[in-house]
Amino acid sequence: MSRSAGHAPADYRHRPERPVVQLDWLERLQRRVVGRLELHPWRLKLRQKRFLAAVRRHSQPLGTQADSALLQRARELGTRMRQQGFNDHLLAEQFAIIREISGRVLGMRHFDSQLTGGWIMVQGRIAEMKTGEGKTLTAVLPVIAVALAGLPVHVITVNDYLTARDAEEMAPLYRWFGLSLGVVTHEVDPVGRRAAYQSDIVYITGKELVFDYLRDQMKLTHQHPLRMQVAALKSTRVEAQLQLRGLHFALVDEADSVLIDESRTPLIISGVQGNEEEQRFIETGWRLSFELQQDHDFLVDRERRHIDLTEAGRNNLQRLSETLGPLWKGAIRREEIIHKALLARFIYQLDKDYLVREGKIELIDPLSGRVMEGRSWEKGLHQMVELKEECELTQQRVTLARISYQNFFRRYLHLSGMTGTAWEVKDELWRVYGLAVSRVKPNRREQRKELGARVFATDQERWQAVVEHSRRQVEQGRAVLIGTASVSASETASASLKQAGLAHYLLSAKQDKQEAEIVAAAGQPGRITVATNMAGRGTDIKLAPEVKQAGGLHVILTEHYESSRVDRQLAGRCARQGDPGSFEMLLSLEDQPLRSLRGKSLMPTCRSLGLASRAGQQAARNLLRAEQQFVERQNYLARQSTLEYDHKQKDLLAFAGSVD
Numbered sequence: 007m008s009r010s011a012g013h014a015p016a017d018y019r020h021r022p023e024r025p026v027v028q029l030d031w032l033e034r035l036q037r038r039v040v041g042r043l044e045l046h047p048w049r050l051k052l053r054q055k056r057f058l059a060a061v062r063r064h065s066q067p068l069g070t071q072a073d074s075a076l077l078q079r080a081r082e083l084g085t086r087m088r089q090q091g092f093n094d095h096l097l098a099e100q101f102a103i104i105r106e107i108s109g110r111v112l113g114m115r116h117f118d119s120q121l122t123g124g125w126i127m128v129q130g131r132i133a134e135m136k137t138g139e140g141k142t143l144t145a146v147l148p149v150i151a152v153a154l155a156g157l158p159v160h161v162i163t164v165n166d167y168l169t170a171r172d173a174e175e176m177a178p179l180y181r182w183f184g185l186s187l188g189v190v191t192h193e194v195d196p197v198g199r200r201a202a203y204q205s206d207i208v209y210i211t212g213k214e215l216v217f218d219y220l221r222d223q224m225k226l227t228h229q230h231p232l233r234m235q236v237a238a239l240k241s242t243r244v245e246a247q248l249q250l251r252g253l254h255f256a257l258v259d260e261a262d263s264v265l266i267d268e269s270r271t272p273l274i275i276s277g278v279q280g281n282e283e284e285q286r287f288i289e290t291g292w293r294l295s296f297e298l299q300q301d302h303d304f305l306v307d308r309e310r311r312h313i314d315l316t317e318a319g320r321n322n323l324q325r326l327s328e329t330l331g332p333l334w335k336g337a338i339r340r341e342e343i344i345h346k347a348l349l350a351r352f353i354y355q356l357d358k359d360y361l362v363r364e365g366k367i368e369l370i371d372p373l374s375g376r377v378m379e380g381r382s383w384e385k386g387l388h389q390m391v392e393l394k395e396e397c398e399l400t401q402q403r404v405t406l407a408r409i410s411y412q413n414f415f416r417r418y419l420h421l422s423g424m425t426g427t428a429w430e431v432k433d434e435l436w437r438v439y440g441l442a443v444s445r446v447k448p449n450r451r452e453q454r455k456e457l458g459a460r461v462f463a464t465d466q467e468r469w470q471a472v473v474e475h476s477r478r479q480v481e482q483g484r485a486v487l488i489g490t491a492s493v494s495a496s497e498t499a500s501a502s503l504k505q506a507g508l509a510h511y512l513l514s515a516k517q518d519k520q521e522a523e524i525v526a527a528a529g530q531p532g533r534i535t536v537a538t539n540m541a542g543r544g545t546d547i548k549l550a551p552e553v554k555q556a557g558g559l560h561v562i563l564t565e566h567y568e569s570s571r572v573d574r575q576l577a578g579r580c581a582r583q584g585d586p587g588s589f590e591m592l593l594s595l596e597d598q599p600l601r602s603l604r605g606k607s608l609m610p611t612c613r614s615l616g617l618a619s620r621a622g623q624q625a626a627r628n629l630l631r632a633e634q635q636f637v638e639r640q641n642y643l644a645r646q647s648t649l650e651y652d653h654k655q656k657d658l659l660a661f662a663g664s665v666d
């Protein structure tokens, strides 16, 4: 964001956003070449040093100045940046003022690493900062600088808990600068959302933001600003219902999670569709699925989460449905509903893919371990799971609007972000979003002890080791965090600890309401916390002084997550901000799905060598890593498929004469 002069006004009629343009092959080649330069580790290093020197120079006389003088100067700089752009000279002085006021209001002054991270984000890049470097405090630097220049700022987080927490922590600083702050969580109603979006700064999750954008798009009859101006002369009814004032400046916290992991599936707004006949059709399909025989009528591949009807199954289904009415006449329709019933029975699992709470099916996000509020499966799958769990049957949903994360975030005039784990996906971030990744040198040297990985043949052996290692750490006066991959796994770990007489606390999608209390006490002496990857991102576990002296937080990973980046995030819960800490993996080969060729070839080696030998352990670790890499590859292909589908839909709309 080198310039802000001439920026479109932030109102409901202009609603500025960047048009999404599909690049041709020559433009893609050019971007790839430019990306080599932008992703070079030494890119912008000299400018960073000059910028930090300028901030120090401006900081020297600030300590003796009154609050009113600093506030007046900050507003003057904001006006100048609105007119002249965000050049380094103006930005350095603004950052110096923000740091000084942060020290006075919050009692926290920004380190050089945080100043560097803030500057990188103003350049429209991703700042990769080590976990525990204080990214929440780093974010206020670009947020305040841009907001004082008069541009609406969206700070995007990965969940409602972090949205509310970060906004509350930084609110006093925003208020001091006279900036209004809005917070949007799932519970906020439309009136509250519109009021929040009119604020200078809005804290919100990616899902809520995209859904609000889609709702606005559904209300708009005209997309072009001039047409909206003309329409507003006739009536302001539509304008009064809109929420967003355009896509100006976005700062994405945990950028790799939001922009990469969550972009696997599109965001869809659906409406209720169906009648009694449709409901009977679903119920009949559920009953019919029990008359088909596994391995004869259908094949189940649990490892790939896939089910195929055989030719015999199709013929049998046709015979069984001959007298069931007109909805069963079409082969595609009847096979699709039976397929959904079989998926619900054999693939989708309670406490792994979904919860049953208060008689309703609630979906679990596989990436965050959290409940996805208000989300449901489509095309009858959700109703099949309801029948499976004997819940009240809801009506089917039909798609009204959809957009992928990729196409949404590329519409921001300025996009930036920060995370602790972006380097592995730097090429994808550049290719899809045009975002370059810059690494930031940590303020303090890490004291984390990596204790390596140990693989066991059975789950029972693994859980016994988890119990013994936890007991050993607790006896030393340390705190322990045990990471699991699902709600059911966390409950198994809890049962093992309970059987051993070890007191502990459980944090999963079932305990999401108590998250703040559980996290707040997770750093106390002798405390054992079992958590899904809810505790993997943005969770700051404050250590008691006795725990620091005993060696800090000890983290145990019991399963590889879907991405090695998520593993690293969990490891990053310990040894934060120079504190001591340690991390280890205790893994199991039992029931390990073998989907990759490398994994299948390594399993006989593991069995022949045995897990008691060093070579056998190495082979087992390679096998588990190969399977994780296979899942990472499948997720990457799913993201590409989502993006390509969006492009095809756009092309079809353009051919039909639709104007975006």
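Mapped onto the numbering used here, the consecutive letters of the sequence shown carry residue numbers 7 to 666.
Every residue gets a Cβ at the ideal spot worked out from N, C-alpha and C, and that includes glycine.
Where does residue i fall in DSSP's three states?
i      : result
Met127 : helix
His20  : coil
Arg351 : helix
Tyr167 : helix
Val665 : With a pLDDT of only 38 at Val665, under 50, the local geometry of the prediction cannot be trusted, and the value read off the model is given with reservation. Three-state result, Val665: coil.
Val672 : The chain is shown only over 7 to 666; residue 672 falls outside these bounds and no answer can be derived.
His510 : coil
Ile338 : helix
Gly605 : helix
Glu430 : helix
Thr400 : coil
Thr545 : coil
Val438 : helix
Ala177 : helix
Thr538 : coil
Val525 : helix
Gln300 : strand
Val26  : coil
Cys612 : helix
Glu565 : coil
Arg9   : With a pLDDT of 46 at Arg9, under the threshold of 50, the modelled position of this residue cannot be trusted; read the value that follows with caution. Reduced to three states, the DSSP call for Arg9 is coil.
His345 : helix
Gln530 : coil
His388 : helix
Report yes if the CB atom of residue i is closer than 9 Å to the CB atom of residue j, and no otherwise.
i      : j      : result
Ile207 : Pro272 : no
Leu185 : Ile150 : yes
Thr5   : Ile488 : The shown model of the chain, from 7 to 666, leaves out residue 5, and the question about it has no answer.
Val189 : Ala173 : yes
Tyr511 : Ala528 : yes
Glu590 : His420 : no
Ile313 : His345 : yes
Ser444 : Pro148 : no
Asp465 : Asp573 : no
Ser502 : Ala537 : no
Where DSSP assigns a beta bridge to residue i, which residues make up the other side?
i      : result
Asp314 : Leu305
His560 : Val486, Ser588
Met424 : Ala133, Asp259
Tyr209 : Val161, Val189
Lys366 : Arg363
Ile150 : Bridge partners of Ile150: none, in fact.
Glu456 : Phe589
Arg408 : Ile274
Ser594 : Phe462
Leu356 : Tyr360
Val377 : Ile370
Return the chain-ordered ranges of every alpha helix (DSSP H) run that is complete within the stretch 619-660 and spans a minimum of 4 residues.
With a minimum length of 4 residues, no continuous alpha helix (DSSP H) run stays inside the stretch 619-660.
Which runs of the alpha helix (DSSP H), 4 residues or longer, sit entirely within the stretch 52-119?
With a minimum length of 4 residues, the continuous alpha helix (DSSP H) runs that stay inside the stretch 52-119 are 73-90, 94-111.
Using 8 Å as the cut-off, can you tell me whether the stretch 388-396 makes contact with the stretch 195-206, which would need three or more C-beta pairs spanning the two stretches below that distance?
No, because fewer than three Cβ pairs between the stretch 388-396 and the stretch 195-206 fall closer than 8 Å, the two stretches do not touch.
Across the stretch 20-31 and the stretch 413-425, are there enough close Cβ pairs to call them in contact, namely three or more that are closer than 8 Å?
Yes, the stretch 20-31 touches the stretch 413-425.
Are the stretch 600-619 and the stretch 495-515 in contact at 8 Å, needing three or more beta carbon pairs?
Touching, no.
Any 3 or more C-beta pairs closer than 8 Å across the stretch 419-433 and the stretch 109-121:
Contact between the stretch 419-433 and the stretch 109-121 is absent: fewer than three C-beta pairs spanning the two stretches fall below 8 Å.
Can you give, in chain order, each stretch of the beta strand (DSSP E) that sits fully within the stretch 243-285 and has at least 3 residues?
Taken in chain order, the complete beta strand (DSSP E) segments of 3 residues or longer contained in the stretch 243-285 are 255-259, 273-279.
Cβ contact (3+ pairs, closer than 8 Å) linking the stretch 122-140 and the stretch 54-71
Three or more pairs of CB atoms, one per stretch, sit closer than 8 Å, so the stretch 122-140 contacts the stretch 54-71.
Sequence ranges, beta strand (DSSP E) only - wholly within the stretch 459-504, length at least 3
For the stretch 459-504, whole beta strand (DSSP E) runs of length 3 or above, ordered along the chain, are 485-489.
So, do the stretch 93-108 and the stretch 390-399 have three or more beta carbon pairs nearer to each other than 8 Å?
Segments in contact, no.
Any contact between the stretch 161-169 and the stretch 603-610? By contact I mean 3 or more CB pairs, one from each, below 8 Å.
Cβ pair count under 8 Å is below three, so no.
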